[in-house]
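Okay, so the sequence shown: first residue is 1 according to the UniProt record's numbering, each after it adds one.
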Amino acid sequence: MGEKIKTVTNGIEERLLRNGNWEEIVTSVNEETLLRKIDIRNIPLFTLLYTICFLDRVNIGNAKLANLESDLGLTGHEYNWSISIFFVSYVLCGVPSNIILVKTKPSTWIASLMIGWGTIVIAMAFVTNYFQLLVTSFLLGIFEAGLFPGIIFHITKWYKRSEQSYRISLFSSGSVIASAFSGLMAFYVMGLDGIFGLSGWQWIFLIDGLITVFVAFFSYFLIADYPETTNWLTEDERKMINNRIQLDSGQISTTNHDNYQIFEAFKDWKVYIGSILFFSVSVTEYSFVFFLPSIVYGLGFDSANKLKISEPERFLNEKNGEEELRLGDKHPSFIYCL
């Protein structure tokens with residue numbers, strides 16, 4: 001281990017010495033046990049948050065089956081725009097949101113985002129025309145844009161680069177959970193149609209929004225910001241995590257984020273290749289998610305049978321994604337997965 005430390009730069013070695021004796025820490029802390037401890041505290045929580053986020057994003061597809069279009073007098077073109085406008089703000093606000101997160105705290109910012117979009121979803125239950133639906137959908141994109149990149153940023157503070165992809169795939173499974181069970185949830189919620197004078201689609205938005213705000217409150221207390229500020233870690237465990245990240249990052253600062261780094265990203269061709277690939281996947285995925293309820297309904301199936309039809313595909317898709325990212329963690333290049 002001493003030889004390993006000598007292979008890194010003096011700056012890294014000095015930081016390790018300030019954090020304590022590396023040999024003693026390795027002896028007192030089992031690395032695999034520590035990783036399991038971190039996983040148990042972080043991954044299930046982030047999976048829940050992303051499940052709620054994705055559910056709030058796609059519930060408009062189920063709301064359509066609950067007479068959203070007819071009650072608001074929407075044309076098919078207007079309904080499509082009410083979906084598309086979400087992604088305009090979603091794309092524009094992802095980077096600014098993470099800049100704010102870095103300057104605040106993950107727990108504070110993520111909980112604030114959830115309260116924001118939960119309130120917007122509740123407001124969507126009371127829209128009365130196309131313009132109001134368009135505005136609320138645009139605002140929803142602003143608040144939801146920060147969750148996914150925010151969680152990824154958080155993961156980089158706890159795991160080495162070779163450990164991150166698999167964790168990302170685990171919490172991303174929340175989208176599969178939301179897609180698979182959103183239809184069944186909507187099926188039962190639509191049974192509230194007419195209660196307190198609210199239509200079924202209004203109940204879908206209202207209940208989803210209230211759940212989001214409720215979970216947001218607890219997420220503020222459950223999200224562990226950084227290893228050095230977490231009370232469920234021992235002092236040696238904190239040092240172990242920080243030293244692992246510092247050794248893994250080399251000379252790259254993991255604490256300071258300068259504005260020039262943002263512009264450097266726009267000069268990297270890999271960013272554009274990744275964007276094109278993600279765009280291609282997203283077009284297919286979201287088309288499937290938003291319009292599957294209508295397609296299945298048109299075939300004569302109800303919402304419960306829609307769940308039975310879509311769930312196997314979702315499960316296989318998620319398991320395939322997990323295995324690809326597990327492979328990516330073991331190889332220096334993701335070309336094997338792509």
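The beta-carbon is built from N, C-alpha and C at its ideal position, and this holds for glycine as well.
Query raised in the report: Cα separation between Thr229 and Arg238?
Result: For the purposes of this step, residue 229 is taken as residue 229 along the sequence shown, with counting starting at 1. For the purposes of this step, residue 238 is taken as residue 238 along the sequence shown, with counting starting at 1. Their backbone Cα atoms lie some 9 Å apart in a straight line.
Query raised in the report: What are the boundary residues of the alpha helix (DSSP H) that includes Asp248?
Result: Reading the sequence shown from its first residue, position 248 is the one you call residue 248. 235-249 is the extent of the alpha helix (DSSP H) around Asp248.
Query raised in the report: How about residue 401 and Phe86: are their beta carbons less than 7 Å apart?
Result: In this structure the chain extends from 1 to 338, so residue 401 is not present and cannot be described.
**Report entry** Span of the alpha helix (DSSP H), counted from its first residue to its last, around Phe143
**Finding:** Residue mapping note: residue 143 aligns to position 143 of the sequence shown, counting from 1. Per DSSP, the continuous alpha helix (DSSP H) segment holding Phe143 begins and ends at 130-144.
Requested in this report: Return yes when the Cβ of His154 is within less than 7 Å of the Cβ of Pro106, no when it is not.
Outcome: On the sequence shown, residue 106 is found 106 positions in, with the first residue counted as 1. On the sequence shown, residue 154 is found 154 positions in, with the first residue counted as 1. Between Pro106 and His154, the gap from beta carbon to beta carbon is short of 7 Å.
Query raised in the report: Within this structure, are the beta carbons of Phe138 and Ser89 separated by less than 7 Å?
Result: Counting from one through the sequence shown, the residue named residue 138 turns up at place 138. Counting from one through the sequence shown, the residue named residue 89 turns up at place 89. Yes, Cβ-Cβ distance for Phe138 and Ser89 is below 7 Å.
Query - Cβ distance (whole Å) where Lys157 is taken to contact Tyr226 below 8 Å - result: Residue numbering aside, residue 157 sits at position 157 when the sequence shown is read from its first letter. Residue numbering aside, residue 226 sits at position 226 when the sequence shown is read from its first letter. Confirmed, about 6 Å.
Query raised in the report: Can Gly200 and Met190 be called in contact, C-beta distance under 7 Å?
Result: One-based indexing of the sequence shown puts residue 200 at position 200. One-based indexing of the sequence shown puts residue 190 at position 190. Closer than 7 Å, so yes.
Requested in this report: Give me the Cβ distance between Gly94 and Pro149, rounded to the nearest whole Å; I'm assuming they're in contact under 8 Å.
Outcome: Position 94 of the sequence shown, counted from the start, is the residue given in the question as residue 94. Position 149 of the sequence shown, counted from the start, is the residue given in the question as residue 149. At roughly 5 Å, the Cβ-Cβ gap stays under 8 Å, so Gly94 and Pro149 are in contact.
Query - Exposure of Thr136, with buried meaning 16 or more beta-carbon neighbours within 10 Å - result: Your numbering for residue 136 matches position 136 in the sequence shown. If you draw a 10 Å sphere on the C-beta of Thr136, you find 16 or more other C-beta atoms in it, and that means buried.
**Report entry** DSSP state of Met231 mapped onto helix, strand, coil
**Finding:** Residue mapping note: residue 231 aligns to position 231 of the sequence shown, counting from 1. The sequence given here has Asn at residue 231, not Met. Collapsing the DSSP output to three states places Asn231 in coil.
Query - For Gly146, the nearest candidate out of Ser280, Tyr79, Ser112, Gln164 (CA to CA) - result: Locating residue 146 in the sequence shown gives position 146, where the first residue counts as 1. Minimum Cα distance to Gly146 is reached at Ser112.
Query raised in the report: From Tyr166 to Asp71, what distance separates their C-alpha atoms?
Result: Here residue 166 refers to the residue found at position 166 when the sequence shown is read from its first residue. Here residue 71 refers to the residue found at position 71 when the sequence shown is read from its first residue. Answer to the nearest angstrom: the Cα atoms are 44 Å apart.
Requested in this report: Can you tell me which of the three DSSP states Thr75 falls into?
Outcome: The residue given as residue 75 occupies position 75 in the sequence shown. Correct three-state label for Thr75: coil.
Query - Selected residue, minimal CA-CA separation from Ala66, among Glu235, Ile151, Cys53, Gly194 - result: The residue given as residue 66 occupies position 66 in the sequence shown. Scanning Glu235, Ile151, Cys53, Gly194 for the CA closest to the CA of Ala66 turns up Gly194.
Requested in this report: Using the Cα positions of Asp208 and Ile122, report the straight-line distance between them to the nearest angstrom.
Outcome: Residue numbering aside, residue 208 sits at position 208 when the sequence shown is read from its first letter. Residue numbering aside, residue 122 sits at position 122 when the sequence shown is read from its first letter. The C-alpha of Asp208 lies about 8 Å from the C-alpha of Ile122.
Requested in this report: Compare the C-alpha of Phe279 against each of Ile204, Val91, Ile110 and name the closest.
Outcome: Numbered from 1 along the sequence shown, position 279 holds the residue referred to as residue 279. Distance check between Phe279 and each of Ile204, Val91, Ile110 places Val91 closest, using alpha-carbon atoms only.
Requested in this report: Return the first residue and the last residue of the alpha helix (DSSP H) that Asp39 is part of.
Outcome: Here residue 39 refers to the residue found at position 39 of the sequence shown. The continuous alpha helix (DSSP H) containing Asp39 extends over residues 31-65.
Query - Residue span of the alpha helix (DSSP H) that contains Val197, given as start and end - result: Here residue 197 is taken as the residue at index 197 of the sequence shown, counted from 1. The residue you asked about is not Val; residue 197 is Gly in the sequence shown. Where Gly197 is concerned, there is no enclosing alpha helix (DSSP H), given that its DSSP letter is neither H nor E.
**Report entry** Coarse secondary structure for Thr108, derived from DSSP in three states
**Finding:** Counted from its first residue, the sequence shown places residue 108 at position 108. Note: Thr108 maps to helix in three-state DSSP.
**Report entry** Ile223 (DSSP reduced to helix, strand or coil)
**Finding:** Residue 223 sits at position 223 when you count from the first residue of the sequence shown. When DSSP states are grouped into helix, strand and coil, Ile223 belongs to the coil group.
**Report entry** Three-state secondary structure (DSSP) of Val281
**Finding:** As a working mapping, residue 281 is identified with position 281 in the sequence shown. In this structure, DSSP gives Val281 a helical state, which the three-state scheme calls helix.
Requested in this report: Identify the continuous alpha helix (DSSP H) that holds Tyr188 and give its terminal residues.
Outcome: Translated into the one-based positions of the sequence shown, residue 188 becomes position 188. For Tyr188, the enclosing alpha helix (DSSP H) covers residues 161-189.
Query raised in the report: Is Val127 helix, strand or coil by DSSP?
Result: Numbered from 1 along the sequence shown, position 127 holds the residue referred to as residue 127. Look at Val127 here: in three-state DSSP terms it is coil, with no helix or strand label.
Report task. Quick one: measure Cβ to Cβ for Val29 and Met240, integer angstroms, because I've assumed they're closer than 8 Å. Result -> On the sequence shown, position 29 is the one that residue 29 refers to. On the sequence shown, position 240 is the one that residue 240 refers to. With a contact defined as Cβ atoms closer than 8 Å, Val29 and Met240 qualify at about 5 Å.
Report task. Please name the residue, chosen from Ser179, Asn242, Ala265, Ile110, that lies closest to Leu55 on a Cα-to-Cα basis. Result -> Here the question's residue 55 lines up with position 55 in the sequence shown. In terms of CA proximity to Leu55, Ser179 leads the group Ser179, Asn242, Ala265, Ile110.
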